[in-house]
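Quick note on numbering: the sequence shown equals residues 117 to 556 in our numbering.
Beta carbons are placed, not taken as given, at the ideal position from N, Cα and C, and that holds for glycine.
See below for the structure under consideration.
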Amino acid sequence: MSLREKLDSRFGKGVFLFAARSFNSLAGLLFALFAGRFLTVEDHGIFASVLARMVIAQAILEVGLQYSLVRYLAPAIRAGESREVQSIVRASLWLKGITFAILGGMVMVLAILLSLVTMPGPFLELLPEYGSPVLLWMIFLGGAAMSFVSYQEAVLVAHGSYLRLALWVPLTGILRLTFLALAYAAGTAQSPEHIVFAYSLGPVLSVVCFFFVFPATFFTRLSEATEWRAHLRQLISYNSFIVLASFFSIFSDWMEVLMLSEARDTGIYNAARMPLQGFLILLSTMQSMFLPWFSGLTNLEEYKHVFSRIYKWLLPGCVALLPGLFVLAWFIPFWFGPEYEGSVRILYLLYPGYLLKLLFAPLGTALFALDRPRLVAVEAGARMIAGFILNSVLISSYGIMGAAISGFVAPFAGWIFLIFCYARFFRTGEFPFPERAHAK
117 MSLREKLDSR FGKGVFLFAA RSFNSLAGLL FALFAGRFLT VEDHGIFASV LARMVIAQAI
177 LEVGLQYSLV RYLAPAIRAG ESREVQSIVR ASLWLKGITF AILGGMVMVL AILLSLVTMP
237 GPFLELLPEY GSPVLLWMIF LGGAAMSFVS YQEAVLVAHG SYLRLALWVP LTGILRLTFL
297 ALAYAAGTAQ SPEHIVFAYS LGPVLSVVCF FFVFPATFFT RLSEATEWRA HLRQLISYNS
357 FIVLASFFSI FSDWMEVLML SEARDTGIYN AARMPLQGFL ILLSTMQSMF LPWFSGLTNL
417 EEYKHVFSRI YKWLLPGCVA LLPGLFVLAW FIPFWFGPEY EGSVRILYLL YPGYLLKLLF
477 APLGTALFAL DRPRLVAVEA GARMIAGFIL NSVLISSYGI MGAAISGFVA PFAGWIFLIF
537 CYARFFRTGE FPFPERAHAK
């Protein structure tokens, strides 16, 4: 097979997509590491809390289009069905616009209340210790920009435009690091508001720069209302469980940061979980590599064979990563300072949990390839519910260590569900909820 054929294969495109995305993941990790070093522990906690809410806003505003747009748009583009393409794009923009208007209206009401009310109230817990309308709008606009970046990325993937993807996708990470460097040079990098602004402005400009590599006219072509409205109903139906899965997963991942009430505790906890975001690069690698692979499988025996090959390498790989725990235990106080010594105890609980996430990641990826967003939503929902219950009990009793215990234990609820699903799949060839089975 020639190099061109390898690049055009499913595997080659997966590698290409991973390379583009992984740069942003690495840039985001570097941004967070430098931001944590510039800020005080309390301000670091504020930044972490804002970032958690921004990522949740992104998940809501994406409305699952990062997955479904590729599913429906790519076949229509390959078939040359221009009217079909136009109606899908218009339906997706309507869905995104409706969601944007609803969430934007809620943010406006809350911002007005935050501006008028001077005494603390229950709703101020949405922004603990710093109920600022400015930060609230940054959360919304930053999340909206990131959701549009993922939307535009899905358009490029649907077109198979991997060269354009490689040129444009890393721009968000580059801009964020550039704005952080400018804030440092201007002497404003010690302010959480300026750090959040630098983080939010990167994807905003990336959305604008997208149209230098892809024609804006693609989004302005109109289709008949009868056509796009049918696709709107189709997208809403398909996306419902994807949106739930994405929201539940992100909410459970950031649960401890969201539920810790003291900014100092949040900063210490986030310093422990921040270097572990390097695992997200590995998870992104696995998804980019495995999803095209799983999508090409046709029967149960092929899945068994592929899983056996994956875990033949994944199990010893996780064992090889164990010494990283001691490296990070040294790195955190070295990089952030002695006031972060408490983060090391948190790390000893979180690190094994992230290794287990690597082990279970192929199971969740395969569910997407099998067109099972409903099961993914149930798995993520189980993790979220378990996390909420455990944090509610443990944080009040044990403080920040209670959050760490919950961060390690809560994901087991989802993993046990995955084991149950695959035990049935490998025994009978069917998943739970067979009425929603997808014919492969």
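- Judged by DSSP secondary structure, residue 517 falls within the alpha helix (DSSP H) whose first and last residues are 516 to 525.
- One Cα belongs to residue 176, the other to residue 394, and the distance between them is close to 24 Å.
- Straight through space, the alpha carbons of residue 208 and residue 265 are spaced by roughly 14 Å.
- Residue 544 sits in a helix when the DSSP states are folded into three classes.
- No Cβ-Cβ contact shorter than 8 Å links residue 397 with residue 163.
- Per DSSP, reduced to three states, the secondary structure at residue 306 is coil, with no helix or strand assignment.
- The DSSP-derived three-state label of residue 197 is coil.
- If you draw a straight line from the Cα of residue 298 to the Cα of residue 250, it is about 21 Å long.
- Going by C-alpha positions, residue 248 is about 38 Å away from residue 273.
- Following the DSSP letters along the chain, one finds residue 451 inside the alpha helix (DSSP H) bounded by residues 440 to 452.
- Contact between the segment 516 to 523 and the segment 487 to 494 is absent: fewer than 3 CB-CB pairs across the two stretches fall below 8 Å.
- In the structure shown, the three-state DSSP call for residue 187 is helix.
- With fewer than 16 other Cβ atoms inside 10 Å of its own Cβ, residue 222 counts as exposed.
- Cβ neighbours of residue 149 within its own chain (closer than 8 Å, five residues either side excluded): 390, 391, 451.
- For residue 159, the enclosing alpha helix (DSSP H) begins and ends at 157 to 178.
- Counting only residues of its own chain and dropping the five nearest sequence neighbours on each side, residue 363 has a CB closer than 6 Å to the CB of 175.
- The C-beta distance from residue 168 to residue 373 rounds to 5 Å, short enough to meet the 8 Å contact threshold.
- Annotated three-state conformation of residue 231 is helix, per DSSP.
- With 16 or more neighbouring CB atoms inside 10 Å of its own CB, residue 256 falls in the buried class.
- Separation of residue 330 and residue 190 (C-alpha to C-alpha, rounded to the nearest whole angstrom) is 16 Å.
- A distance below 8 Å separates the beta carbons of residue 157 and residue 384.
- Here residue 261 really is in contact with residue 320; their C-beta atoms are around 4 Å apart, less than 8 Å.
- Here the alpha carbon of residue 315 sits roughly 13 Å from the alpha carbon of residue 300.
- One Cα belongs to residue 337, the other to residue 271, and the distance between them is close to 15 Å.
- Nearest C-alpha to residue 182 among 543, 143, 351: 351.
- Secondary structure note for residue 259: its alpha helix (DSSP H) is the uninterrupted segment 249 to 275.
- Looking at 275, 439, 213, 366, the one whose alpha-carbon comes closest to that of residue 196 is 275.
- Rounded to whole angstroms, the separation of the alpha carbons of residue 369 and residue 210 is 29 Å.
- Taking the Cβ atoms as the reference, residue 146 lies roughly 17 Å from residue 317, outside the contact range of under 8 Å.
- Each of 415, 334, 388, 421 was checked against the Cα of residue 443, and the nearest Cα belongs to 388.
- Within the segment 202 to 230, no complete alpha helix (DSSP H) segment of 4 residues or longer occurs.
- Listed in chain order, the alpha helix (DSSP H) elements of length 4 or more contained wholly in the segment 448 to 511 are 458 to 485.
- Assignment of residue 370 by DSSP, reduced to helix, strand and coil, places it in the coil class.
- In this structure, the CA atom of residue 305 is about 15 Å from the CA atom of residue 161.
- Between residue 488 and the set 367, 538, 472, 427, the nearest pair of CA atoms involves 538.
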